[in-house]
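Residue numbering for the sequence shown follows this note's numbering, beginning at 114 and increasing consecutively. Some notes on the structure that comes next.
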Amino acid sequence: MKYNFDAVISREGTGSMKWDTIETVFGNKEILPMWVADMDFPVAEPIIDAVKKRLEHPILGYTKPWKSLLESVVERMKKKFNWEIKPEWIVFTPGVVPAISTAIKAITHPGDEVVLQGPVYYPFWDVIRENGCHVSNNTLKFENGKYVMDYEDLEKKFSPKKALFPKPPRTKAAILCNPHNPVGRMWDKEEQIKFGEIVLKHGGVVISDEIHSEIVVSNKKHIPFASISKEFEQNSITCFSPSKTFNIAGLSVSSIIIPNKKLREGFISAAGHQLGKVSVLSLVAMEAAYRYGDEWLNELLEYLKGNLQFLMNYFEENIPEVKVIRPEGTYLVWLDFHALGMSGEELSKFLVEKAKVGLDDGYLFGPSGNGFARINIACPRETLKEGLKRIESAVKDLR
Ligand SMILES: Cc1ncc(COP(=O)(O)O)c(C=O)c1O
């Protein structure tokens, strides 16, 4: 291994959302934070070097995405996912969440409905509502130890509701989270086809959040929704970013791929002057990550797989009350605490006050997340071990 992921590097005092807000968020500075979805690992050298090199030029004026940058995104999609895209399909935005909000604004009118699949990344709920739309929750089912989609319910979400005078449905879009945060599923091709066919049959657009697509901790392969068919390509907005993969979330950069010209123009027009521009240093980092970051990424994925196995073994051997939902993708793990018999609020209090760990409360991800919590395992193994020990000791006290 060239990179040392075991090194514990203090992030305190760096403006870190995870490490510098502990007392504000949890009311106790002894909490070990394992919530915000970024990594406690240093960024790959080639990315740091590229940013430093750009800073050797003393002018940091307004920036227009350049040819080799666009090509690096095109090549990444081809190399990683065998998806052939055109440079003109790419829109750079300062984040995936603002892009999803913009996509909703472009596709819907206030009062429309947008589908999501709870339990799911909590800002999805917010951006739908912030655009004056209603959340239509196509709750995932848990079957045979695995989260799966409920197609029957999805069909209903796009159909007229039973009423004396049924009105035409106002469901305009569905957000696909792939890999899914927090349940870690990487959706199979067949699952995505069934999902896409239902949404498209009813004239809906798929907003596919694929921000975690390169964090694969299983032997699965990520399949971009839009790469499955021309029809899917033309009726979707796909959100990619190097931010999770290369730990550069603080640089706020993402590439939104919109093959359909009308949809793309609608997106750009909805963005108006509100979305803002992406900084030149972020774009430099993105190109460097895509071109020169793979050695680091391959080592990272091995380390994350090691962390995941460590966590799986730890729970099985020491905290069997807690059921682990093994993720296929992402460095986030969904933990089922139902056996402790606590309400969501009680569990939240227990984790903070007794275990002294800062996880994400499951209910934040939707009603079906109640009784769960999400842990971030993208940290040195020693930090992970410390978090697990704290949970173990708190659970022991309950026995
Ligand atoms: C599924 C998903 N989408 C989007 C984001 C955040 O994206 P951004 O910081 O680019 O807005 C996250 C971060 O955790 C996420 O898990």
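In this text, a Cβ means the ideal position worked out from N, Cα and C, and glycines have one as well. It should be emphasised that the depicted structure is a prediction, and the values quoted were computed from it without experimental measurement.
One thing to note: Ser185 has its Cβ no nearer than 7 Å to the Cβ of Tyr476. Relative to ligand 1, the beta carbon of Asp322 is positioned inside 6 Å of a heavy atom. Of the candidates Lys192, Gly297, Glu400, Glu400 places its Cα closest to the Cα of Trp179. Among the bridge pairs identified by DSSP, Leu289 is matched with Ser321.
Of the residues assessed, His222 falls on the exposed side of the cut-off, its CB having fewer than 16 other CB atoms within 10 angstroms.
By the Cβ rule, the stretch 342–351 counts as touching the stretch 306–314, because three or more pairs are nearer than 8 Å. A Cβ-Cβ contact shorter than 7 Å links Ile217 with Val227. Ranked by Cα distance from Leu511, the options Asp474, Glu458, Val435, Asp473 are led by Val435.
If you draw a straight line from the Cα of Lys302 to the Cα of Ile336, it is about 7 Å long. Using a Cβ distance threshold of 7 Å, Ile324 and Val209 count as a contacting pair.
The beta carbon of Phe237 lies closer than 6 Å to those of Leu229, Ile288 in the same chain, with the five residues before and after it left out. Ranking Lys314, Ser354, Glu304 by CA distance to the CA of Ser368 puts Ser354 first.
Between the stretch 490–505 and the stretch 463–471, the count of Cβ pairs shorter than 8 Å is three or higher; the stretches touch.
Gly419 and Ala120 have their alpha carbons spaced roughly 15 Å apart.
A direct Cα-to-Cα measurement between Thr176 and Lys191 gives close to 26 Å. When DSSP assignments are scanned along the stretch 141–210, the uninterrupted stretches of beta strand (DSSP E) that are 3 or more residues long and fall wholly within it turn out to be 203–206. The beta carbons of Asn348 and Leu313 sit closer together than 7 Å. By the Cβ criterion, the stretch 143–152 is in contact with the stretch 491–501, since at least three pairs of Cβ atoms, one from each stretch, lie closer than 8 Å.
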